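Contents: one structure, followed by commentary.
There are 2 protein chains.
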Amino acid sequence: MTSSKPVLYSYFRSSCSWRVRIVLAHKGIEYDYKPIHLLKQEQISDEYKVLNPMGQVPALIINGNTLTQSISIMEYLEECFPEKPILPKDPLQRAKVREVCEVIASGIQPIQNLSVLQKVGDEKKMEWGNFWIEKGFVALEQLLSKCAGKFCVGDDISMADCCLVPQVFNANRFKVDMSAFPIITRVHEALTLVDACKAAHPSNQPDCPEDAK
Amino acid sequence: MTSSKPVLYSYFRSSCSWRVRIVLAHKGIEYDYKPIHLLKQEQISDEYKVLNPMGQVPALIINGNTLTQSISIMEYLEECFPEKPILPKDPLQRAKVREVCEVIASGIQPIQNLSVLQKVGDEKKMEWGNFWIEKGFVALEQLLSKCAGKFCVGDDISMADCCLVPQVFNANRFKVDMSAFPIITRVHEALTLVDACKAAHPSNQPDCPEDAK
C-alpha cells in the first residue's frame, strides 16, 4: 500500500498541524485528512498514541511510515519532494530559516501549547500565553529585521513562514499587541495572500466547526 | 577575519550549548569558548542580546556570521563540515533523528528551561521540571524502542544523541526516576563513553566552578 496517498492526522487549529498543511499545499502533495479532536482528548487515546507517543498532532503516514514532529516532517518533505523548495540553497540562509523556525517551534509555541496551558490553569492561561508569545516576538522582530524580505527570510516562502503563520494566529488569540511588531505583521499579511497559506488555514479544514469559520 | 576560529558563547550547564559542544568536538572543529553566566543574567545584557535577541546561549560566530538556536547550528555544522556526519543518509532515518531531537528540543527542554522555571517560581519548579521531563521521556522511550541501536537511531552517533545527553543530565537534576526508562538509560550510558561527549561535559568547560565538578 505504499502507493496510497499520505494521511495527515490533524486538528484544524493546531499550529504544528497547520505548519505541515502549508508545506503539503505549497508542494502540491495530495493527502487524506484525519481529524483528531484535541479538546475531546482524542490525541491521548491508546489508538492514536501508537502513532504518536507524545499524544500530539500532527502525525503523517507516508509510504507506510509514520512521522511525527512538525519540523522533522517538513524537513522530510523537503528532502523527498524537492520541487517548490522551503529551504534556500545557501547554508547560511538555511541556518537563518531554521533559526526563525526554532525561535517559534522551541522558543515560543511549546510554552503556550494546550498541555502546558492545562497545567497552568484556566485562571492564569491568558496572561501566561500572552507573556511568552510577546517575549518571543520581541526577539523574532529583531531577527527578522536582519533577514526578512517579502517573507521571513528573503523573498521566497520557507519553513520559517510555515511556522510564523500559526504563531501570529496564536498571538491574536492571546491578545498580543501586534503594533509593536511591524515586520512580523507585514510578513504575515503577505503570507495571508499565498494560496498554500489560504488552503492550510483552520477555517478551510474539514474539522473546523461552523461557528469558528 | 573570516579565517579565525569560531567562537562559541556558552554556559557550562546550558543544555543547548552542550548539544553544540558535542557536535563541535565530534567533528573536530576547534573553537574559542566565551562563557556567558546565566545565573548572573549575562545572557540578557544589551551587549549579548545584539548577538542573540532571545537572550539565550548558545551563539556561534563562524566565518563572520552569528548563528543562534542549537538545532539550526547543528544542521549548519553538518552542511558545512560533512565529515563525521551527525545525520544518516536515508531520508526516513534522518526524519527519525530529527523527530527525537524535536521531542527533546521542542517537547521537553523549553518547558523546563531557566526562564520558564523563574516564572513558575522557586516553590514549584522542582515538581514542574520533573513532570515535563517524565512526560516527555515516556514518549521518548517508546520512540527509541523502534529506532535505537547502540545510540538513539541505529549504531551511529547523531544529532539526536547530542540532544539526549544534556536532557538526561536535567532529568537527574529534577529527580526523574530513570528506572522507568531502560532504553534511554542504556543509550545514555553508551554516550558517556564517547570522547566527544566527555569533552563537551559541563565539568570539562572553563566556566565550570570547582564545586560543580
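Chains as they are written, first to last, in the working numbering: chain P, 1 to 213; chain G, 214 to 426. Think of the CB as a built atom: it goes at the ideal place given N, C-alpha and C, for glycine as much as any other residue. Please read these numbers as outputs of a predicted model, since none were measured by experiment.
What residue does the beta strand (DSSP E) around residue i start on, and which one ends it?
{"i": "I62/P", "result": "59 to 62"}
{"i": "Y246/G", "result": "245 to 248"}
{"i": "V7/P", "result": "7 to 10"}
Does DSSP put residue i in a helix, in a strand, or in coil?
{"i": "D424/G", "result": "helix"}
{"i": "N326/G", "result": "coil"}
{"i": "N204/P", "result": "helix"}
{"i": "L300/G", "result": "coil"}
{"i": "N130/P", "result": "helix"}
{"i": "S17/P", "result": "helix"}
{"i": "V187/P", "result": "helix"}
{"i": "V313/G", "result": "helix"}
{"i": "G136/P", "result": "helix"}
{"i": "F364/G", "result": "coil"}
{"i": "Q142/P", "result": "helix"}
{"i": "M214/G", "result": "Only weak support exists for where M214/G lies, its pLDDT of 47 falling under 50; the value from the coordinates is given anyway. Correct three-state label for M214/G: coil."}
{"i": "Q256/G", "result": "helix"}
Can you name the start and end residues of the alpha helix (DSSP H) that residue i belongs to?
{"i": "V194/P", "result": "First-last for V194/P: undefined, no H or E at that position."}
{"i": "S70/P", "result": "70 to 80"}
{"i": "L164/P", "result": "159 to 173"}
{"i": "L39/P", "result": "No alpha helix (DSSP H) holds L39/P; DSSP gives it neither H nor E."}
{"i": "Y261/G", "result": "259 to 264"}
Could you tell me the alpha carbon to alpha carbon distance between residue i and residue j, rounded to whole angstroms?
{"i": "A361/G", "j": "N383/G", "result": "21 Å"}
{"i": "L353/G", "j": "K135/P", "result": "29 Å"}
{"i": "P166/P", "j": "M159/P", "result": "12 Å"}
{"i": "Q118/P", "j": "M391/G", "result": "25 Å"}
{"i": "I286/G", "j": "E292/G", "result": "10 Å"}
{"i": "V333/G", "j": "F131/P", "result": "13 Å"}
{"i": "R311/G", "j": "I71/P", "result": "8 Å"}
{"i": "S4/P", "j": "N63/P", "result": "7 Å"}
{"i": "N204/P", "j": "H188/P", "result": "18 Å"}
{"i": "K146/P", "j": "N278/G", "result": "12 Å"}
{"i": "A190/P", "j": "I86/P", "result": "16 Å"}
{"i": "L92/P", "j": "Y289/G", "result": "7 Å"}
{"i": "E423/G", "j": "L221/G", "result": "21 Å"}
{"i": "F137/P", "j": "L327/G", "result": "18 Å"}
{"i": "C162/P", "j": "H37/P", "result": "22 Å"}
{"i": "E123/P", "j": "V103/P", "result": "27 Å"}
{"i": "E255/G", "j": "G268/G", "result": "9 Å"}
{"i": "P88/P", "j": "A393/G", "result": "42 Å"}
{"i": "L387/G", "j": "Y33/P", "result": "Looking at the sequence shown, residue 387/G is not Leu but Phe. Cα to Cα, the separation comes out at about 39 Å."}
{"i": "V381/G", "j": "I321/G", "result": "11 Å"}
{"i": "P419/G", "j": "P248/G", "result": "8 Å"}
{"i": "E296/G", "j": "L237/G", "result": "12 Å"}
{"i": "P202/P", "j": "C421/G", "result": "48 Å"}
From the options, pick the residue whose C-alpha is nearest to that of residue i; which is it?
{"i": "K309/G", "options": "F151/P, E189/P, V168/P, A59/P", "result": "A59/P"}
{"i": "K363/G", "options": "E423/G, K262/G, I396/G", "result": "I396/G"}
{"i": "Y48/P", "options": "F81/P, S10/P, E30/P, V23/P", "result": "S10/P"}
{"i": "D195/P", "options": "I157/P, P209/P, D211/P", "result": "I157/P"}
{"i": "V389/G", "options": "L404/G, K240/G, I284/G, W341/G", "result": "W341/G"}
{"i": "L193/P", "options": "R13/P, H26/P, Q43/P, K124/P", "result": "H26/P"}
{"i": "R226/G", "options": "T398/G, N385/G, L357/G, A403/G", "result": "N385/G"}
{"i": "L164/P", "options": "P209/P, P53/P, Q69/P, I22/P", "result": "I22/P"}
{"i": "A105/P", "options": "L191/P, V20/P, P206/P, P6/P", "result": "V20/P"}
{"i": "I133/P", "options": "L144/P, K125/P, Q112/P, V116/P", "result": "Q112/P"}
{"i": "G367/G", "options": "D335/G, A413/G, R307/G", "result": "R307/G"}
{"i": "N265/G", "options": "L280/G, L237/G, K253/G, C375/G", "result": "L280/G"}
{"i": "W231/G", "options": "K297/G, E336/G, C365/G, A413/G", "result": "A413/G"}
{"i": "L144/P", "options": "V100/P, Y31/P, Q109/P, K84/P", "result": "V100/P"}
{"i": "T185/P", "options": "K198/P, F174/P, C152/P", "result": "C152/P"}
{"i": "E428/G", "options": "P219/G, Q282/G, C410/G, I321/G", "result": "Residue 428/G falls outside the range modelled here, since chain G spans only 214 to 426, and no answer is possible."}
So is the beta-carbon of residue i under 6 Å away from any non-hydrogen atom of the ligand HEM?
{"i": "L38/P", "result": "With respect to the ligand HEM, the structure shown offers nothing to examine, as it has no ligands at all."}
| Listed in chain order, which residues of the segment 174 to 195 of chain P have Cβ atoms closer than 7 Å to some Cβ of chain G? | none
| message | At a CB distance below 9 Å, what residues from the segment 294 to 313 of chain G approach chain P? Give them in sequence order. | response | P304, L305, R307, A308, K309, V310, R311, E312, V313
| Interface residues of the segment 314 to 339 of chain G facing chain P [CB-CB below 7 Å] | E315, V316, A318, S319, G320, P323, I324, V329
| task | Please list the residues of the segment 58 to 75 of chain P that have a C-beta atom closer than 9 Å to any C-beta atom in chain G, keeping them in chain order. | result | N63, N65, L67, T68, Q69, S70, I71, S72, I73, E75
| Can you list, in chain order, the residues of the segment 369 to 386 of chain G whose Cβ is nearer than 7 Å to any Cβ on chain P? | Those residues of the segment 369 to 386 of chain G that come within reach of chain P (Cβ to Cβ, closer than 7 Å) do not exist; the list is empty.
| request: Report the residues of the segment 344 to 356 of chain G with a CB closer than 9 Å to any CB of chain P, ordered along the chain. | output: F344, W345, K348, G349, V351, A352, L353, E354, Q355, L356
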